[in-house]
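Visitor: The numbering used here numbers the first residue of the sequence shown as 7 and each following residue consecutively.
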Amino acid sequence: MQLSAIILFIVMSLLCCSAVSAQEATSPKTVTVVYDNYSSKKGLQTAWGFSCLVRGWGKTILFDTGGDGRLLLSNMGELGIDPQEIDMVVLSHIHGDHVGGLTFLLQQHHGLTVFVPPSFPGDFKKGVRHFGARLQDCLLYTSDAADEEDSVDLG
């Protein structure tokens with residue numbers, strides 16, 4: 007899935023599923039690349055993988071966690087991102103370069119909600135719960151609109 011499609015999915019999910027106050031509706035909406043194999047800001051470490059922080063719409067969402075937790079947390083610190091400000095994590099797929107940083111993040115922020123596709127292995131889900139995270143299966147749609155009964159409320 008292309009990055010633009012992923013970000014569009016996150017934004018549309020927030021717009022469709024979250025009730026936001028007037029203040030939240032006018033607050034800045036940002037997508038900050040935290041982890042990538044290309045640096046978007048001097049001082050950030052690079053490695054194969056991806057993670058971005060989506061702010062606005064009343065929620066702060068970390069989309070994927072890159073491949074290395076130490077690097078993820080280091081880049082978050084460089085960007086002034088406190089792990090405690092994250093409301094939820096959305097994982098796109100089980101590849102290590104997208105989920106490898108989750109354990110380190112969960113050690114810093116217990117009680118996060120982590121959204122994963124239902125295809126994620128049971129052992130992975132058990133490990134997420136071990137750190138006190140709330141796990142939520144979700145369906146990521148790439149084409150046809152989802153039936154309302156199949157949607158996941160992010161609010």
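For each residue, glycine too, the CB sits at the ideal point set by N, CA and C.
Please state if the CB of lysine 131 and the CB of leucine 145 are separated by a distance shorter than 7 angstroms.
Guide: no
Visitor: Identify every run of the alpha helix (DSSP H) within the stretch 28-109, keeping only runs that are complete inside it and at least 4 residues long; order them along the chain.
Guide: 28-32, 75-84 and 102-105
Visitor: Which stretch, first to last residue, makes up the beta strand (DSSP E) that contains phenylalanine 121?
Guide: Membership of phenylalanine 121 in the beta strand (DSSP E) is indicated by the continuous run 119-122.
Visitor: Give the straight-line distance between the Cα atoms of glycine 64 and glycine 133, rounded to the nearest whole angstrom.
Guide: 28 angstroms
Visitor: Return the CA-CA distance between arginine 61 and aspartate 129, expressed in angstroms with no decimal places.
Guide: 30 angstroms
Visitor: For asparagine 43, count neighbouring Cβ atoms within 10 angstroms of its own Cβ and tell me buried if that reaches 16, exposed if not.
Guide: The C-beta of asparagine 43 has fewer than 16 other C-beta atoms within 10 Å across all chains shown, which makes the residue exposed.
Visitor: In whole angstroms, what is the alpha-carbon distance linking glycine 55 and valine 39?
Guide: In a straight line, the C-alpha of glycine 55 is about 11 angstroms away from that of valine 39.
Visitor: Relative to the alpha-carbon of leucine 163, which residue among Ser125, Pro127, Glu91 and Gly106 has its alpha-carbon at the smallest distance?
Guide: Since the first residue of the chain shown is 7 and the last is 161, residue 163 is not available in this structure.
Visitor: Tell me whether methionine 18 is buried or exposed, calling it buried when 16 or more other Cβ atoms sit within 10 Å of its Cβ.
Guide: Residue confidence for methionine 18 is low, a pLDDT of 49 falling below 50, so the modelled location carries little weight and cannot support an answer.
Visitor: Helix or strand or just coil, what does DSSP make of leucine 141?
Guide: strand
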